[in-house]
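Participant:
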Amino acid sequence: MPTAGSYLPWITITHTVPQIGFSASIGLGLVVVFLNFCGAQNKFGPYKYIVNSFTILGVIFAIVEVVVYPNVHNYNAGFLFYTLAEPFGVIDMNLRKIFLASYTFFYAATVALLATQFIYRYWAIFDACKLRYFKGFYWLFCSAFCSFFGLQYALGTFHLFEMDTVSTEYYRDEIQYRYGWNISEIPAMALVAYDPSNGMVRWKNVAGVINIVFIVISLYGIMMFCGWSMYFKMEEKIRNFSDELKKHQKQLFKTLVLQITAPTIVLFTPLFVIILLPLFNPHVSLPSGAFLCSFTLYPAMDSIIVMYVVSQYRQTARKLCQDFRKSMESFRHSRATVHCSVPTTSAQVALQQDPLDGQSNVARLSDTQSVIQIFSEDL
1 MPTAGSYLPW ITITHTVPQI GFSASIGLGL VVVFLNFCGA QNKFGPYKYI VNSFTILGVI
61 FAIVEVVVYP NVHNYNAGFL FYTLAEPFGV IDMNLRKIFL ASYTFFYAAT VALLATQFIY
121 RYWAIFDACK LRYFKGFYWL FCSAFCSFFG LQYALGTFHL FEMDTVSTEY YRDEIQYRYG
181 WNISEIPAMA LVAYDPSNGM VRWKNVAGVI NIVFIVISLY GIMMFCGWSM YFKMEEKIRN
241 FSDELKKHQK QLFKTLVLQI TAPTIVLFTP LFVIILLPLF NPHVSLPSGA FLCSFTLYPA
301 MDSIIVMYVV SQYRQTARKL CQDFRKSMES FRHSRATVHC SVPTTSAQVA LQQDPLDGQS
361 NVARLSDTQS VIQIFSEDL
């Protein structure tokens, strides 16, 4: 049973929510990709590859989360980033730390690819010539862009938040009291913003915070700039577009607005609370992994946003349903036709006679008629 100071029930929550997000991300992601291949984005050009890539990356991110099960605990002037999982049966502490750092790679890469969508839509309206960077060989630049931020985030977290004697002792009693664990036996990375012995700033750990803030602010800034510019300048730019293209651009803009709002709530705000709160050195003890586990919900939310706003998805889904309904009706009609034809066929078979039997019957009938005729003549 959990003690009065135990946060063990929160561990259950931080394992359950990612499982829900994983299932939703897999299911909805497959629906989006399926609709894309069925023609939902025939008019989107290279943008459909970005959407497909983001959906697939979101699914991978959700898979990594349920494999690693990362968790966070905020305590006064720091936070502890740890995992209790043993991915693929790995028990080596250093390898488990690498798995933990890989989670941060996919988080940053997902956000970077989300920012790439905003760049594409911005250039599609204001500088269409640059869309060539999303075609052919240039697509590698997009992959390099996402990988750069992913590696910067993961390597920075792995090295700048590396556990040392100060951080280990800082969390030892807290983790033992809240969870009943020995901190030396779990793979973890930690921030301790101020040295508990003299109050001096621990610049190595603070540099890790600065690194994360730089990455997130850069990507979020790209999204805000592109979204803000499209909001104020899009009407003028699409004035000469066809009605269908205007509708298409406005739908994509609505999608991007929701794609700013949703990650702000789910991806960015919880992260800033977790990493910036220790800098103020409050006297708190929070199982903040409950905020972290919400990250895995975003890929599913993004799939819902795209399918809800962009009418091509609804039209494609409606067409597929109609085709399926027609196929089922045709199948039932063909089965009914077969069943109706069976009695007629049986009757025809019953009435058919062997040709030889028929000839014998005719012969017997002729003989009978001859006998009757002879009998009549004798009379």
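379 is the number that the UniProt record's numbering gives the last residue of the sequence shown; the numbers go up by one with no jumps. Ideal Cβ positions, reconstructed from N, Cα and C, are used throughout, including at glycine.
1. Please report the residue range of the alpha helix (DSSP H) in which residue 18 lies.
2. Take residue 296 and list the residues in its own chain whose beta-carbon comes closer than 6 Å to its own, dropping the five residues that flank it on each side.
3. Would you call the segment 285 to 302 and the segment 316 to 327 in contact, with 3 or more CB pairs under 8 Å?
4. Below 7 Å CB to CB, which residues in the same chain sit around residue 10 once its five sequence neighbours on both sides are set aside?
5. Excluding the 5 residues flanking residue 183 on each side, which residues of the same chain have their C-beta closer than 7 Å to its C-beta?
6. Please classify residue 75 as buried or exposed, where buried requires at least 16 other C-beta atoms within 10 Å of its C-beta.
7. Could you check whether the Cβ of residue 114 sits closer than 7 Å to any heavy atom belonging to the ligand ADP?
8. In whole angstroms, give me the CA-to-CA distance for residue 100 and residue 328.
9. Pick helix, strand or coil for residue 345, following the three-state DSSP scheme.
10. At a cut of 8 Å, does the segment 212 to 222 reach the segment 264 to 279 through at least three beta carbon pairs?
11. Mapping DSSP to helix, strand and coil, what is residue 287?
12. Please determine, among 121, 212, 116, 35, the residue with the shortest C-alpha to C-alpha distance to residue 54.
13. If you reduce the DSSP assignment to three classes, tell me which class residue 358 lands in.
14. Going by DSSP, what residue range makes up the beta strand (DSSP E) through residue 189?
15. Closer than 6 Å by C-beta to residue 126: which residues in its own chain qualify, once you throw out the five before and the five after it? Chain order, please.
16. When you compare each of 98, 113, 154 to residue 134 by their alpha carbons, which one comes out closest?
17. Just checking my contact of residue 223 with residue 118 at CB under 8 Å: how many whole Å lie between their CB atoms?
18. Assuming residue 189 contacts residue 157 under a Cβ cut-off of 8 Å, what Cβ separation, rounded to an integer in Å, is found between them?
19. In angstroms, rounded to a whole number, what distance separates the CA positions of residue 122 and residue 266?
20. Quick one, are the C-beta atoms of residue 32 and residue 257 less than 8 Å apart?
21. Go ahead and label residue 355 buried or exposed: buried means 16 or more other beta carbons lie within 10 angstroms of its beta carbon, across all protein chains shown.
22. Can you tell which of 254, 203, 227 has the C-alpha that lies nearest to the C-alpha of residue 279?
23. Considering only their Cβ atoms, is the gap separating residue 93 from residue 187 smaller than 8 Å?
24. Smallest Cα separation from residue 311: which of 326, 254, 330, 259?
25. Leaving out five residues before and five after residue 132 in sequence, what residues of the same chain have Cβ atoms less than 7 Å from its Cβ?
26. For residue 80, tell me which candidate among 192, 314, 49, 155 has the shortest Cα-Cα distance.
27. For residue 251, I'd like the list of residues in its chain whose CB is within less than 7 Å of its CB, leaving aside the five on either flank, ordered along the chain.
28. Give the DSSP-derived three-state secondary structure of residue 71 in the structure shown.
29. Taking residue 185 as the reference, which of 208, 85, 107 has the closest Cα?
30. Per DSSP, which one or two residues make a beta bridge with residue 78?
31. Give me the Cα-Cα distance between residue 220 and residue 38, rounded to the nearest whole angstrom.
32. For residue 142, count the other beta carbons within 10 Å of its own beta carbon; 16 or more makes it buried, fewer makes it exposed. Which is it?
33. Between which residues of its own chain and residue 145 is the CB-CB distance below 8 Å, once the five residues before and five after are set aside?
34. Relative to the C-alpha of residue 124, which residue among 260, 226, 264, 334 is closest?
35. Do residue 207 and residue 151 have their C-beta atoms closer together than 8 Å?
36. Establish whether the CB of residue 190 and some CB of chain C are separated by less than 8 Å.
Facilitator: According to the structure data:
1. Taking the first residue of the sequence shown as position 1, residue 18 is located at position 18. Here the alpha helix (DSSP H) through residue 18 covers 8 to 35.
2. Within the sequence shown, the letter at position 296 stands for residue 296. Around residue 296: 18, 21, 62, 65.
3. no
4. What you label residue 10 is simply residue 10 of the sequence shown in a count that begins at 1. So the qualifying residues of the chain are 287, 289, 290.
5. One-based indexing of the sequence shown puts residue 183 at position 183. So the list reads 168, 171, 172, 175, once near-sequence residues are dropped.
6. Here the question's residue 75 lines up with position 75 in the sequence shown. Looking at its Cβ environment, which holds 16 or more other Cβ atoms inside 10 Å, residue 75 is buried.
7. Only the bare structure without any ligand can be found here, which leaves the ligand ADP out of the picture.
8. Locating residue 100 in the sequence shown gives position 100, counting from the first residue. Locating residue 328 in the sequence shown gives position 328, counting from the first residue. If I take the Cα positions, the gap works out to 49 Å.
9. Translated into the one-based positions of the sequence shown, residue 345 becomes position 345. Because the pLDDT of residue 345 is 49, which lies under 50, any placement of that residue in the model is unreliable, and the number read from its coordinates should be weighed accordingly. Correct three-state label for residue 345: helix.
10. yes
11. If you number the sequence shown from 1, residue 287 lands on position 287. Residue state, collapsed to three classes: coil.
12. Numbered from 1 along the sequence shown, position 54 holds the residue referred to as residue 54. Answer by Cα proximity: 116.
13. Here residue 358 refers to the residue found at position 358 when the sequence shown is read from its first residue. Low local confidence applies: a pLDDT of 48 at residue 358 is under 50, so the model's placement there is unreliable, and no value is given.
14. The residue given as residue 189 occupies position 189 in the sequence shown. First-last of the beta strand (DSSP E) with residue 189: 188 to 192.
15. Against the sequence shown, residue 126 aligns to sequence position 126. Nothing meets the Cβ criterion.
16. As a first step, residue 134 is located in the sequence shown; it is residue number 134 there, counting from the start. Answer by Cα proximity: 113.
17. Mapped onto the sequence shown, residue 223 falls at position 223. Mapped onto the sequence shown, residue 118 falls at position 118. Contact flag correct, Cβ pair sits at about 5 Å.
18. Taking the first residue of the sequence shown as position 1, residue 189 is located at position 189. Taking the first residue of the sequence shown as position 1, residue 157 is located at position 157. Rounded, the Cβ-Cβ distance is 6 Å, consistent with contact.
19. As a first step, residue 122 must be located in the sequence shown, where it is residue number 122. As a first step, residue 266 must be located in the sequence shown, where it is residue number 266. Distance between the alpha carbons of residue 122 and residue 266: 24 Å.
20. If you number the sequence shown from 1, residue 32 lands on position 32. If you number the sequence shown from 1, residue 257 lands on position 257. Cβ atoms of residue 32 and residue 257: not closer than 8 Å.
21. What you label residue 355 is simply residue 355 of the sequence shown in a count that begins at 1. Here residue 355 scores only 49 on pLDDT, less than 50, and its place in the model should not be relied on; the value that follows carries that caveat. Exposed: under 16 other Cβ atoms inside 10 Å.
22. Taking the sequence shown and counting its residues from 1, one reaches residue 279 at position 279. Of the candidates 254, 203, 227, the one whose C-alpha sits nearest the C-alpha of residue 279 is 203.
23. Numbered from its first residue, the sequence shown carries residue 187 at position 187. Numbered from its first residue, the sequence shown carries residue 93 at position 93. Result yes, Cβ atoms of residue 187 and residue 93 sit closer than 8 Å.
24. Taking the sequence shown and counting its residues from 1, one reaches residue 311 at position 311. Here the closest residue by C-alpha is 254.
25. The residue labelled residue 132 in the question sits at position 132 within the sequence shown. Only 138 meet the Cβ criterion.
26. Your numbering for residue 80 matches position 80 in the sequence shown. Residue 192 is the option with its Cα nearest to residue 80.
27. If you number the sequence shown from 1, residue 251 lands on position 251. For residue 251, where only same-chain residues beyond five positions count, the Cβ hits under 7 Å are 309, 310, 311.
28. Taking the sequence shown and counting its residues from 1, one reaches residue 71 at position 71. Here residue 71 sits in strand by DSSP.
29. Counting from one through the sequence shown, the residue named residue 185 turns up at place 185. Of the candidates 208, 85, 107, the one whose C-alpha sits nearest the C-alpha of residue 185 is 85.
30. As a first step, residue 78 must be located in the sequence shown, where it is residue number 78. DSSP output for residue 78 lists 75, 192 as bridge partner(s).
31. On the sequence shown, position 220 is the one that residue 220 refers to. On the sequence shown, position 38 is the one that residue 38 refers to. Those two C-alpha atoms are separated by around 32 Å.
32. Position 142 of the sequence shown, counting from 1, holds the residue named residue 142. Buried: at least 16 other Cβ atoms inside 10 Å.
33. The count along the sequence shown starts at 1 and reaches residue 145 at position 145. Answer for residue 145: 112, 116, listed in chain order.
34. Numbered from 1 along the sequence shown, position 124 holds the residue referred to as residue 124. For residue 124, the nearest C-alpha among the options comes from 226.
35. One-based indexing of the sequence shown puts residue 207 at position 207. One-based indexing of the sequence shown puts residue 151 at position 151. Against a cut-off of 8 Å, the Cβ pair of residue 151 and residue 207 comes out as no contact.
36. This model lacks chain C altogether; it includes just one protein chain.
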